[in-house]
Amino acid sequence: MANLSRDDRGQILLIAAFALAVIFVAMALIVNSAIFTENLATRGETAGSEGALSMRADVTENVGEGIEAANRNNNSSQSDLTGAVEASVRQLSQQTGRQSARSGRVVNVAYQSGSQKEGARIYRANDSSFTNAAGDERYQLVGNVSRVDDANGTRAFVIEASTITADASDPFEIRVQDSAASGDENSWRARIWDAGGDTVHVRTLKNDSGTTVVEDCEVTRDSPGTGITIDVTGGTIDGEECDALRTAPSGENFHFGAGTGVTPGTDDSYDISFDKADGITGTFSLVVYDGGDLELLPDASDGPKSSTALYDVTVEYTYLTTDLRYETDVRVAPGEPDV
Numbered sequence: 000m001a002n003l004s005r006d007d008r009g010q011i012l013l014i015a016a017f018a019l020a021v022i023f024v025a026m027a028l029i030v031n032s033a034i035f036t037e038n039l040a041t042r043g044e045t046a047g048s049e050g051a052l053s054m055r056a057d058v059t060e061n062v063g064e065g066i067e068a069a070n071r072n073n074n075s076s077q078s079d080l081t082g083a084v085e086a087s088v089r090q091l092s093q094q095t096g097r098q099s100a101r102s103g104r105v106v107n108v109a110y111q112s113g114s115q116k117e118g119a120r121i122y123r124a125n126d127s128s129f130t131n132a133a134g135d136e137r138y139q140l141v142g143n144v145s146r147v148d149d150a151n152g153t154r155a156f157v158i159e160a161s162t163i164t165a166d167a168s169d170p171f172e173i174r175v176q177d178s179a180a181s182g183d184e185n186s187w188r189a190r191i192w193d194a195g196g197d198t199v200h201v202r203t204l205k206n207d208s209g210t211t212v213v214e215d216c217e218v219t220r221d222s223p224g225t226g227i228t229i230d231v232t233g234g235t236i237d238g239e240e241c242d243a244l245r246t247a248p249s250g251e252n253f254h255f256g257a258g259t260g261v262t263p264g265t266d267d268s269y270d271i272s273f274d275k276a277d278g279i280t281g282t283f284s285l286v287v288y289d290g291g292d293l294e295l296l297p298d299a300s301d302g303p304k305s306s307t308a309l310y311d312v313t314v315e316y317t318y319l320t321t322d323l324r325y326e327t328d329v330r331v332a333p334g335e336p337d338v
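Note that the sequence shown covers residues 0 to 338 in numbering that gives the first Met the number 0.
In structure tokens form, the structure reads like this:
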């Protein structure tokens, strides 16, 4: 065994200490980088993060538009839908990448293969009453809708109404209810009527395990005498917020389907029905998640129709500058409510 002088031993200890310091610094950088990547979306104080988050919002909006276009125009099969959205994401990534390069940024968007959730689009394209093909004013529009993890299961439910009944005692009603419940238990009901003077009234009743809470809102249409847009899942009427379709000032949640008690990741499901469907005319469209047991109406020449759709997709988003690296997965489900 070699004999080491006191100076030699000191040098070895110094080198070992230096090596350990380098290792600890490297580990700290790795951990901090991971924490930064995960938490950037909720922290706006980091220099340069505003650009990454703003671009992420633009990407989400554009991917959402691609999903909706595919659901309308490329719905022959799930493979057609997926192919159309993948092509849309590639084009978005190329355009965004070129534009960002001029500003010294690198932006990339990639479709995450296999991430999509299948669904169905239910719609009425011709301006008429919302009765079904048999003329029934009370019927189930779709049954056994499953919730998505940490999300809803119904999105982009928009009504373009041309006329709405003025009968507040017997108005058009959208009902969402636990498939296993009876009466009004575990239900969410939105009643809509014309309150006069070009004003639309919405009253939502939420019955959660036997306790009913109510919220109302009124919105006067922007252009008197014209149609009106009711974004049921977005919680707006002609672009104005409606407390009866959102979180009320009291803090009570009245978003679409709240109070049904249906839990994501279980066999629980809910049904969507119309009542007094002859009290409204116009068109509507919504997308629901297909957990495998959807009950859809048969297509008919005069009545609501359905087609294959994508409920959501996930894209991989990367944003790079000289000072920032941000990478994350972004789930896109346009028009999904916060419940």
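Just so you know, even glycine gets a beta-carbon here, dropped at the ideal spot from N, CA and C.
Measuring CA to CA, which of the options is closest to residue i?
{"i": "T228", "options": "L293, D328, P303 and I279", "result": "I279"}
{"i": "K304", "options": "L319, T282, R245 and Y318", "result": "T282"}
{"i": "S53", "options": "S78, T95 and A69", "result": "T95"}
{"i": "I191", "options": "E335, S75, L244 and V88", "result": "L244"}
{"i": "S222", "options": "I271, T232, D242 and V199", "result": "V199"}
{"i": "E239", "options": "V218, D337 and A257", "result": "V218"}
{"i": "R202", "options": "G196, I173 and T81", "result": "I173"}
{"i": "T265", "options": "G234, D177, G302 and T313", "result": "D177"}
{"i": "S284", "options": "Y269, G302, S268 and L293", "result": "G302"}
{"i": "E159", "options": "V141, N125, Q139 and L140", "result": "N125"}
{"i": "G65", "options": "T321, T313, G226 and G134", "result": "T313"}
{"i": "S99", "options": "E85, Q139, P248 and L319", "result": "L319"}
{"i": "D337", "options": "T317, D135 and A257", "result": "A257"}
{"i": "D298", "options": "L204, T317 and V141", "result": "V141"}
{"i": "N185", "options": "F255, S75, T246 and R97", "result": "F255"}
{"i": "G134", "options": "P248, S300 and R220", "result": "S300"}
Return the CA-CA distance between residue i and residue j, expressed in angstroms with no decimal places.
{"i": "T211", "j": "N143", "result": "23 Å"}
{"i": "L91", "j": "I236", "result": "30 Å"}
{"i": "R104", "j": "A132", "result": "54 Å"}
{"i": "D183", "j": "V329", "result": "37 Å"}
{"i": "G209", "j": "F253", "result": "16 Å"}
{"i": "T232", "j": "C216", "result": "15 Å"}
{"i": "E67", "j": "S181", "result": "34 Å"}
{"i": "D355", "j": "V331", "result": "Because the chain here runs from 0 to 338, residue 355 falls outside it and cannot be looked at."}
{"i": "R188", "j": "E214", "result": "11 Å"}
{"i": "R324", "j": "G50", "result": "11 Å"}
{"i": "E117", "j": "S306", "result": "11 Å"}
{"i": "G113", "j": "Q77", "result": "11 Å"}
{"i": "T162", "j": "D322", "result": "55 Å"}
{"i": "A56", "j": "L309", "result": "20 Å"}
{"i": "I121", "j": "R101", "result": "42 Å"}
{"i": "A150", "j": "S127", "result": "32 Å"}
{"i": "G82", "j": "N72", "result": "12 Å"}
{"i": "L293", "j": "D267", "result": "12 Å"}
{"i": "E315", "j": "S48", "result": "17 Å"}
{"i": "R146", "j": "G196", "result": "38 Å"}
{"i": "S75", "j": "E60", "result": "24 Å"}
{"i": "R220", "j": "E335", "result": "24 Å"}
{"i": "A247", "j": "R97", "result": "43 Å"}
{"i": "T317", "j": "D79", "result": "26 Å"}
Please state if the CB of residue j and the CB of residue i are separated by a distance shorter than 8 Å.
{"i": "G260", "j": "D207", "result": "yes"}
{"i": "F347", "j": "R137", "result": "Since the first residue shown for the chain is 0 and the last is 338, residue 347 is missing from the structure and cannot be characterised."}
{"i": "G152", "j": "V287", "result": "yes"}
{"i": "A179", "j": "L295", "result": "no"}
{"i": "T225", "j": "D193", "result": "no"}
{"i": "A69", "j": "V84", "result": "yes"}
{"i": "P263", "j": "R154", "result": "no"}
{"i": "Q115", "j": "D311", "result": "yes"}
{"i": "C241", "j": "G234", "result": "yes"}
{"i": "D230", "j": "V157", "result": "yes"}
Could you tell me which residues DSSP pairs with residue i in its beta bridges?
{"i": "C241", "result": "Its beta-bridge partners do not exist; DSSP assigns none."}
{"i": "I158", "result": "I229 and F283"}
{"i": "S272", "result": "Q139 and R174"}
{"i": "H200", "result": "W192 and E217"}
{"i": "D328", "result": "E315"}
{"i": "T211", "result": "N206"}
{"i": "L309", "result": "E117"}
For the ligand FMN, any of its heavy atoms closer than 7 Å to the Cβ of residue i?
{"i": "S268", "result": "Among the ligands in the structure shown, none appear at all, so the ligand FMN cannot be discussed."}
Mind the definition here: the segment 168 to 179 touches the segment 268 to 288 only if three or more C-beta pairs lie below 8 Å; say whether that holds. Verdict: yes, contact present.
Count the CB pairs spanning the segment 77 to 92 and the segment 107 to 114 that are closer than 8 Å, and state whether there are at least three. yes
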